[in-house]
Each structure stands twice: as structure tokens, then as C-alpha cells.
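Quick note, the numbering used here runs 158 ahead of the 1-based positions in the sequence shown.
Glycine included, every Cβ here is placed at the ideal spot set by N, Cα and C.
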Amino acid sequence: MTPENIKDQVRAIVLKRQVLVQLSQKDNLGNLKIDVQQALAEMEDLIQEFNRTFPDCALPELQP
Numbered sequence: 159m160t161p162e163n164i165k166d167q168v169r170a171i172v173l174k175r176q177v178l179v180q181l182s183q184k185d186n187l188g189n190l191k192i193d194v195q196q197a198l199a200e201m202e203d204l205i206q207e208f209n210r211t212f213p214d215c216a217l218p219e220l221q222p
């Protein structure tokens, strides 16, 4: 797997992250809200690790 391939996959994850952010703001999730928040936390970890591992490929939308 090349850095460009990984970059493309992380970009796809970042695009899907916005859906989770919007979902987390809904009041009617019940216990699912915990899972959504956990998924967001794991995505943040992935984004930070990506930027540390591939600083030359860091995506602008991934900057903290």
C-alpha cells in the first residue's frame, strides 16, 4: 500500500466523519450516541496518527 493509497483512504474516512458529527448532534440517538462518539474519537486518533506518520502527505482538512 502506497502513501497515496493510504491518503485516499483517509480522505474517504474524513468525508464520512462529517456524517458522524451531524449524527452525534441529534437528540434521539439514545445509547447509539455512545457508539457514535467512540467512532469519532477513533477517527481523530487515526487522523493524528496519519499526520504524524505521513507529514509530507498531510491533508489540509486533517490539520487539528
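Query                                                                                                                                             : Result
Would you please state the rounded distance, in angstroms, between the beta carbons of residue 194 and residue 178? I believe it to be under 8 Å. : 6 Å
Just the C-alpha distance for residue 165 and residue 183, rounded to the nearest angstrom, thanks.                                               : 28 Å
Could you work out which residue in 210, 198 and 213 is closest to residue 172 when comparing CA atoms only?                                      : 198
What would DSSP say about residue 216, mapped onto helix, strand or coil?                                                                         : coil
Can you look up residue 165 in the DSSP assignment and give me helix, strand or coil?                                                             : helix
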